[in-house]
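S.K.: Everything in the sequence shown is counted per the numbering used here, starting at 99 for the first residue and increasing by one.
Each residue gets a CB set at the ideal place from its N, CA and C atoms; glycine is no exception.
Note that this is a predicted model, so its numbers are computed, not measured.
Structure in structure tokens, see below.
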Amino acid sequence: MNGYIDFNSQILACPDNKDFVEKAESILKILQSAKIKTVVSTTAFKSSDNLDEYLEKRQKAYDILSEKFKDKNYPKILFGSEVIFDENTINITDIKSLCIADTKYIMMTLPMNGYSEELFTGIQRLIISKNVYPVVARIEKYTETYTIEQIKKLASLGILMQISCQSIVNRTTRRMALDLLNKGIAQIIGSDDNIIKPAEKRTAGEVVLDVLNKDITADIMDIAKPSPQYADAVRIMRYNLPIGKYKQIKNNAGMVISNAALKDILIADV
99 MNGYIDFNSQ
109 ILACPDNKDF
119 VEKAESILKI
129 LQSAKIKTVV
139 STTAFKSSDN
149 LDEYLEKRQK
159 AYDILSEKFK
169 DKNYPKILFG
179 SEVIFDENTI
189 NITDIKSLCI
199 ADTKYIMMTL
209 PMNGYSEELF
219 TGIQRLIISK
229 NVYPVVARIE
239 KYTETYTIEQ
249 IKKLASLGIL
259 MQISCQSIVN
269 RTTRRMALDL
279 LNKGIAQIIG
289 SDDNIIKPAE
299 KRTAGEVVLD
309 VLNKDITADI
319 MDIAKPSPQY
329 ADAVRIMRYN
339 LPIGKYKQIK
349 NNAGMVISNA
359 ALKDILIADV
């Protein structure tokens with residue numbers, strides 16, 4: 099698949115808001131400038147939510163944007179969700195409707211209070227009974243309450259891990275993020291809608307931070323300009339990871355949305 103694929107966007111959230119179309123277009127324009135061709139929408143879903151209402155709202159948002167931007171070459175939007183995992187997630191009847199497009203892969207968030215054997219068993223039961231492949235969103239968030247060994251144990255179930263571009267771009271978390279990617283603990287990146295502010299709205303401090311977070315190999319004439327975090331993250335990975343690892347991470351997203359076998363992604367990422 100040509101172009102980049104972005105996971106973890108809230109682009110289809112809140113279709114009834116007055117500024118829904120305006121905000122969605124600003125996201126699409128920035129993703130387009132980062133050479134992203136496909137974006138996976140991952141609005142949050144809790145087991146207590148009404149599934150039919152959620153799907154109806156998501157479809158409404160998609161239809162509005164499809165009609166509004168039918169003549170524009172914006173990134174293609176794929177359906178997805180971000181399921182907040184709890185003990186009742188396994189009881190979601192049509193959980194396949196929450197998967198990414200027509201695949202078996204499903205974005206999830208884990209409890210922030212840390213690892214437990216009940217969590218491990220619960221995810222294991224979900225995978226076996228529902229035949230889905232979880233993709234944990236923003237894995238860098240869990241390094242404060244989960245040990246790397248616990249994250250690896252969860253990964254042993256066949257769970258993929260997504261990491262946010264912000265953690266790659268930010269110099270305070272960059273080493274950790276690149277280490278997770280290089281070791282194959284995280285396989286996919288996503289913007290998480292942490293993109294850019296218009297140049298005229300940035301404070302002097304934000305301009306300085308943008309410059310500091312840029313890769314040294316960036317065009318010197320462009321160094322102080324705002325740019326999509328996805329583009330910055332890709333550039334940082336390209337210059338700091340082995341070329342084979344960089345290419346594999348880029349390819350992983352395409353393998354997920356094409357419903358590739360989980361073993362093919364995990365084997366290729368070794």
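Where does N106 fall in DSSP's three states?
M.R.: Strand at N106.
S.K.: Do P232 and I226 have their CB atoms nearer than 9 Å?
M.R.: no
S.K.: Return the residue from the list S179, A331, K348 and T207 that minimises the CA-CA distance to R272.
M.R.: A331
S.K.: Give the single residue among Q157, L149 and K127 whose Cα lies nearest to the Cα of S139.
M.R.: Q157
S.K.: So the candidates are S164, P173, A111 and F183; which of them puts its Cα closest to the Cα of K135?
M.R.: P173
S.K.: Would you kindly work out how many angstroms separate the C-alpha atoms of L163 and I190, rounded to a whole number?
M.R.: 28 Å
S.K.: Can you have a look at R223 and say buried or exposed, based on whether 16 or more other CB atoms are within 10 angstroms of its CB?
M.R.: exposed
S.K.: From D200 to P340, what distance separates their C-alpha atoms?
M.R.: 32 Å
S.K.: Quick check on the DSSP output: the alpha helix (DSSP H) that includes T207 runs from which residue to which?
M.R.: Taken as a continuous stretch (DSSP letters only), T207 belongs to no alpha helix (DSSP H), being part of the beta strand (DSSP E) at Y203 to T207.
S.K.: Just verifying my parser: in three-state terms, what is the DSSP assignment at G282?
M.R.: coil
S.K.: Give the single residue among A253, L255 and L278 whose Cα lies nearest to the Cα of S262.
M.R.: L278
S.K.: Looking only at its own chain, which residues have a Cβ that is under 8 Å from the Cβ of S195, when we skip the five neighbours before and after it?
M.R.: L149 and L153
S.K.: Kindly indicate which residue of T141, K133 and K127 has the alpha-carbon position closest to the one of L110.
M.R.: T141
S.K.: Pull up the distance between the alpha-carbon of I355 and that of K116, whole angstroms please.
M.R.: Using only the alpha carbons, I get a separation of about 31 Å.
S.K.: So, for Y213: in the same chain, excluding its five sequence neighbours on each side, which residues have a beta-carbon less than 6 Å away from its beta-carbon?
M.R.: Around Y213: Y244 and Q248.
S.K.: On the DSSP bridge list, what partners appear for I182?
M.R.: K144 and T207
S.K.: Give the DSSP-derived three-state secondary structure of K168 in the structure shown.
M.R.: The three-state reading of DSSP puts K168 in coil, since its state is none of H, G, I, E or B.
S.K.: Using a threshold of 9 Å, state whether the C-beta atoms of A253 and T207 are closer than that.
M.R.: no
S.K.: Measuring CA to CA, which of P113, K121, I363 and A159 is closest to G282?
M.R.: If we check each option's Cα against that of G282, I363 comes out closest.
S.K.: For A359, is the classification buried or exposed, using 16 other Cβ atoms within 10 angstroms of its Cβ as the cut-off for buried?
M.R.: exposed
S.K.: Kindly indicate which residue of D104, F177 and E238 has the alpha-carbon position closest to the one of Q130.
M.R.: Comparing alpha-carbon positions, the option among D104, F177 and E238 lying closest to Q130 turns out to be D104.
S.K.: Name the two residues that bound the continuous alpha helix (DSSP H) containing T219.
M.R.: E215 to K228
S.K.: Under the assumption that I221 contacts F183 (Cβ atoms under 8 Å), give the Cβ distance between them as a whole number of angstroms.
M.R.: 7 Å
S.K.: Taking the CB atoms as reference points, tell me whether E216 and A275 lie closer together than 9 Å.
M.R.: no
S.K.: Could you give the distance in angstroms between the alpha-carbon of D114 and the alpha-carbon of K121?
M.R.: 12 Å
S.K.: So what does DSSP say about Y231, is it helix, strand or coil?
M.R.: Three-state DSSP puts Y231 in a strand.
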